[in-house]
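2 protein chains.
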Amino acid sequence: MEESLRVTFLPLGVSAAVEPGAPLLEAAQRAGVGLAADCGGSGSCGRCRVRAEAGAALSPPTLVEEQVLPPGELAAGVRLACQARVLGALTVTVPGESAVPSQRLQLSGEAGRGGFDPPTAICHPALPEASEPAPLAAWERLAAGLGALGLAEPEPPRLCLLRALGGLVRPAAGRITAGLRGDSVCWALPHGRRVLGLAVDLGSTKVAASLTDMQSGQILAEGGMMNAQIAYGEDVMSRIAASMEKESARAELGRAAVSVVNRLAAELCAAASGGQEADEALSPEQITECVIVGNTVMHHLLLGLDVAQLGLAPFAPVVREALDCTAGELGLALNPNAGVHFPPNLSGFIGSDHLAMLLASGALDGEGTTVAIDIGTNSEISLIAGGAVTTCSASSGPAFEGAHIACGMRAADGAIERVRIRAGRITWRTVGGGPAVGFCGSGLLDAVAELKREGIINRHGAFDSTCPLVRRGGNGPEVVVCPAAETRFGKDLALSRKDIGRIQLAKAAIRCGLELLSREAGVDLATVGRFIVAGAFGTYLDLESAQAIGMFPTLPFERFRQVGNAAAMGARQLLVSGRLRQTARELGRRMRHCELTSRPDFQAEFIKALWL
Amino acid sequence: MEESLRVTFLPLGVSAAVEPGAPLLEAAQRAGVGLAADCGGSGSCGRCRVRAEAGAALSPPTLVEEQVLPPGELAAGVRLACQARVLGALTVTVPGESAVPSQRLQLSGEAGRGGFDPPTAICHPALPEASEPAPLAAWERLAAGLGALGLAEPEPPRLCLLRALGGLVRPAAGRITAGLRGDSVCWALPHGRRVLGLAVDLGSTKVAASLTDMQSGQILAEGGMMNAQIAYGEDVMSRIAASMEKESARAELGRAAVSVVNRLAAELCAAASGGQEADEALSPEQITECVIVGNTVMHHLLLGLDVAQLGLAPFAPVVREALDCTAGELGLALNPNAGVHFPPNLSGFIGSDHLAMLLASGALDGEGTTVAIDIGTNSEISLIAGGAVTTCSASSGPAFEGAHIACGMRAADGAIERVRIRAGRITWRTVGGGPAVGFCGSGLLDAVAELKREGIINRHGAFDSTCPLVRRGGNGPEVVVCPAAETRFGKDLALSRKDIGRIQLAKAAIRCGLELLSREAGVDLATVGRFIVAGAFGTYLDLESAQAIGMFPTLPFERFRQVGNAAAMGARQLLVSGRLRQTARELGRRMRHCELTSRPDFQAEFIKALWL
């Protein structure tokens, strides 16, 4: 099947599809990534450098690249976007210096919407000697050192800081490195150690994190990991149930979340230390600032808060406002005095990850009406109009993650991510291009849209059994999208009426949310100027298919923006900006929560939204 | 041996000696315990009630007592102090209602020098319902409940409080009990639970604690326990050494201190629950306020602070000012949100226990010059004159605790606590009255004083070998105080030249400290109007002996006050008084530390002080 190939650009997480053989530069332009290309694509300026993984599906280096790029860089996967051609789906990383100035800050993480305005000031006080006969206490020497820098008498010390200080301070005079927030000393490190920050997007399924140099704002490493809590259930509701069943399970769930963050912190430090001398290797002990965003259940579990009320109506959280803790309190293996910031959540179902997405995606900027949606098991939708932000949570279920679909799977290698039906012939494309294993969300969406367009299913999702593609399976009529011979495990990959019903339920939840939200805000969906779609599934889904099955309203495609993991980007921006944290606090108080199911028109609207 | 018998009065911890057969009332008057005795001692008013333990060495109840006291009280050990006569050393407890008004508050623990002024206010907010469609978070419901009581919007919540709150709050409306300090919510308990406080004197050897009702100020139970850290060394220096030898030992020492406090808390709760219904039993979870005093090394180990610098010149602590922590931070098994207050320490060798002693003993009151001393392995001495407080630490060593003395022992059953030599015949008395096991501090002090008075040793501590009591032992000349036949283990209890030398070193350290301190403060010791002696050894020592060997200056006996464990009393007073905590903070800043060994006249004065 000859079709467009998707190229994803990190760290923005945005992507675009191009024909095979198109230059990477074209993919970047389509994805809205402003790569510097002063020479107009001839390769002479050498500014459009990107980094691909080893074995990425790109054309071999051209003569121009061999001339412009030092051999070490070429070997390390650096390519010129104007020269390298796309031969398969792939992911490349855009270094900050390759971006046009307007995007550089965002890309390099040097600043985000809040700018570079770290909430903790770094200083290097010189401590006087602890001389006889009346030696100063370690804390008093630190206070004297801060005084010599013209800083105020610090506030009473916290125990955890004194614990660190005791081992750091020797009787002789010397410098240390300390973090100050207002007049409060937050942390202390041996003098000259690099000061690091960690931003975490704690998803129910996947946890993404990035490591930042807190003095320059430079992003040093990024990575992701499965949430170890999956052993307790795939979705948040089953984890709440697990924690209510057994006293110990809540603590175990909390520890599982803590351990994922700890492992990511260690991995990112190791990755960012690559090629450094051992004594320059970075350690999680140097992470003195951390921001964690996530849904409200993840937030509560990590913080060790009771989740019982999140599993029962009226689904009240323990706390909604922003929290500042220390790593020590949470059991995080960072610097024990690291400040860990949790932005506010709006309700039991709308967490700080949605706020971070709103901040990072630019949804709150500009004049017109904007919709911003993050699709998951629960999909959070915000409608921004005339300065007001109204938000709802739609329980779309796990169908788009491949769950509860007979041949469903996550968007991993071998997942069918695109489906087309032309002239009665079904074609498809898999993640990685190999034999098919199952359907992931975007493939399911395409399949339903194509079956409907071809008239193989009607608006209620029922099969036209007269169509030659429809056969009778064990569970009633079904359509084989991929025959056994072309799959990895030699088994037909079919969609049944039941599978289609699950997709209908999922898309209906989202459409119903959009309709009721617009009604609540008194806005016509047709007037929405920007429609922002965030998250992994949201970035890979085909907009035409999403409109065809009625999940999204029919708006011109140019109003849509597929922004990738904007929650993780928001976490990175909050990490380095005290101002943005304040904006988030105000946003948390300003957002209005719309509880869909308590509206009298919910049921009627939901049934209507089921139609394809 | 027919001699005076010591009676100790709890909870003040003061004592006095009376002749056998004297009424308890006389002992109380000598000890300065103001018992109510409206009838002048005839027994008719029945107000001088005290409580003795079962089997205490008192005369049988008189007819007057049988008439005045209900049979149940008599059976429980209640006696009239004017009727019961002392037949042996004993300890009685004075209920608050038996004391004259000026002492009642102090005795009952209802208030101390700071009065009853708890730093945390107890309130009972009613929480509104968490109703749909936009349910309030648990924290917001608490804030609403406080607002309804006319209290300010609380400060941002601490994580540990939210952890407690989550499990406490149900969706339905209801009350809880909460502690407020300023605008900050400190802790939360189920509604109606009794709110408790714990005061701890964390000594190197013994840990004393008391449990207080924080609403009435009533003391509910008191107790003591050996410090489990003794396994790591008897004195603080050997514990510092242990903690420096092995990385893990400091943590183990900290845990040992924490576990003693935890065990005491549990025991006191159980003791105070006696006779209550199971659902009214008190639990350490209800302890929401705690004060811990102790020497600086104990303070640092319990707090998990580095003690390495406390073992090396210039012996600088990590922190001197007062600290407020939570039980959760410290690993204390109280309410995790309990506020744990550590009053300030003055130096590496002068801890908060000395400050607490100064506050509770009244050393800072009045006009004249006062000396206040706490005798231990390190003895802390303060000289208060003209509003200035000058303090030193004298390393008196463990001889008075029986250590490093061939036949030495702690003041336990069988310890020789009194020695007299009359007409060449040595008599003695043991703790408990049974066969002798060894010498405790007060017995050693007496023995040296008597040997000197009789001319058996000279002013340098050398034996007169012509004296018939002196025999040649394995380690040179010695005097057998108690022959093998009268000991528990059938072994002569003798004192050698070496033993006497140890006592000389100990008493010289104290006298040298007193002399140099008076010189530093520009005060003549002869003008000292009050000489306060605190601590167990200080309370039981014979003042005449202490003066005879030159440990204390020769002042009229009425200027001396032996006040018992005043540090523990200070901890109890600090527990219930925010004002007194402020006084302690100011005292910590005001006290001047005198480092004896850095004075040029230290050595000469010490050598002079060795003379008997």
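Sequence order for the protein chains is A and B.
For the working numbering, count along the first sequence from 1 and bump the result up by 129.
For the working numbering, count along the second sequence from 1 and bump the result up by 129.
Where a beta carbon is used, it is the ideal one built from N, C-alpha and C, also for glycine.
Quick caveat, the model's predicted, so the values are computed rather than measured.
Please check if any C-beta of chain B sits within less than 8 Å of the C-beta of residue i.
i                 : result
ALA386 of chain A : no
PHE686 of chain A : no
ASP435 of chain A : yes
PHE444 of chain A : yes
ARG292 of chain A : yes
LEU331 of chain A : no
LEU256 of chain A : no
SER260 of chain A : yes
LEU275 of chain A : no
LEU512 of chain A : no
VAL707 of chain A : Residue 707 of chain A is actually Gly in this sequence, not Val. No - not a single Cβ of chain B is within 8 Å of the one on GLY707 of chain A.
GLY238 of chain A : Legend: pLDDT at GLY238 of chain A = 37, less than 50; position of this residue unreliable, value from coordinates given subsequently. Not one chain B Cβ lies under 8 Å of GLY238 of chain A.
Is the beta carbon of residue i less than 8 Å from the beta carbon of residue j?
i                 : j                 : result
VAL448 of chain A : GLY699 of chain A : no
GLY744 of chain B : GLY516 of chain B : Any property of residue 744 of chain B remains undetermined from this structure, which presents chain B solely from 130 to 741.
LEU297 of chain A : TRP268 of chain A : no
PHE478 of chain A : THR425 of chain A : yes
LEU645 of chain A : LEU725 of chain A : yes
ARG701 of chain A : SER339 of chain A : yes
VAL193 of chain A : GLY163 of chain A : no
CYS521 of chain B : ALA467 of chain B : no
LEU580 of chain A : VAL608 of chain A : yes
GLU546 of chain A : SER571 of chain A : yes
GLY321 of chain B : THR341 of chain B : no
LEU349 of chain A : ALA399 of chain A : no
ILE305 of chain B : LEU288 of chain B : no
PRO152 of chain A : ARG208 of chain A : no
Note down, in chain order, every chain A residue with its Cβ under 7 Å from the Cβ of residue i.
i                 : result
TRP557 of chain B : Residues of chain A passing the Cβ test: none, with the nearest at roughly 43 Å.
Anything in chain A within Cβ reach of residue i, meaning under 9 Å, just list it in chain order.
i                 : result
ASP503 of chain B : None at all; the shortest Cβ gap to chain A is about 20 Å.
What residue range does the alpha helix (DSSP H) around residue i cover?
i                 : result
LYS581 of chain A : 570 to 582
CYS611 of chain A : Here CYS611 of chain A belongs to no alpha helix (DSSP H); instead the beta strand (DSSP E) covers 605 to 611.
VAL426 of chain A : 425 to 432
Which stretch, first to last residue, makes up the beta strand (DSSP E) that contains residue i?
i                 : result
PHE689 of chain A : 689 to 693
MET355 of chain A : 348 to 355
THR220 of chain A : 219 to 222
CYS86 of chain A  : Within the shown structure, residues of chain A are numbered from 130 to 741, placing residue 86 of chain A beyond reach of any answer.
SER476 of chain B : Per DSSP, SER476 of chain B belongs to no beta strand (DSSP E) and is neither H nor E.
Does any C-beta atom of chain A lie closer than 8 Å to the C-beta of residue i?
i                 : result
VAL390 of chain B : no
SER522 of chain B : no
GLU282 of chain B : no
GLN358 of chain B : no
GLN711 of chain B : no
GLY667 of chain B : no
Just how far apart, CA to CA, sit residue i and residue j?
i                 : j                 : result
ALA614 of chain A : ALA186 of chain A : 25 Å
TYR361 of chain A : GLY346 of chain B : 48 Å
ALA145 of chain A : CYS454 of chain B : 54 Å
VAL387 of chain B : ALA677 of chain B : 42 Å
ALA205 of chain A : LEU431 of chain A : 37 Å
PHE686 of chain B : LEU672 of chain B : 7 Å
LEU393 of chain A : VAL365 of chain B : 42 Å
GLY630 of chain A : PHE666 of chain A : 19 Å
LEU770 of chain B : LEU709 of chain B : The requested residue 770 of chain B does not occur in the structure, where chain B is confined to residues 130 to 741.
Run through chain B and tell me which residues come within less than 7 Å of residue i, C-beta to C-beta.
i                 : result
ALA733 of chain A : Simply none; closest approach about 18 Å.
LEU288 of chain A : LEU432, LEU452, CYS454 and GLU458
Show which residues of chain B have a CB atom less than 8 Å away from the CB atom of residue i.
i                 : result
TRP268 of chain A : VAL447, VAL448, ARG449 and GLU450
Using a Cβ-based criterion (distance less than 7 Å to any ligand heavy atom), does residue i qualify as near the ligand SAM?
i                 : result
ALA281 of chain B : Summarising the ligand content, the structure contains no ligands, and the ligand SAM is consequently not present.
Starting from residue i, find everything on chain B with Cβ-Cβ shorter than 9 Å and list it in chain order.
i                 : result
PRO606 of chain A : What PRO606 of chain A touches in chain B: nothing, since even the nearest Cβ is about 41 Å away.
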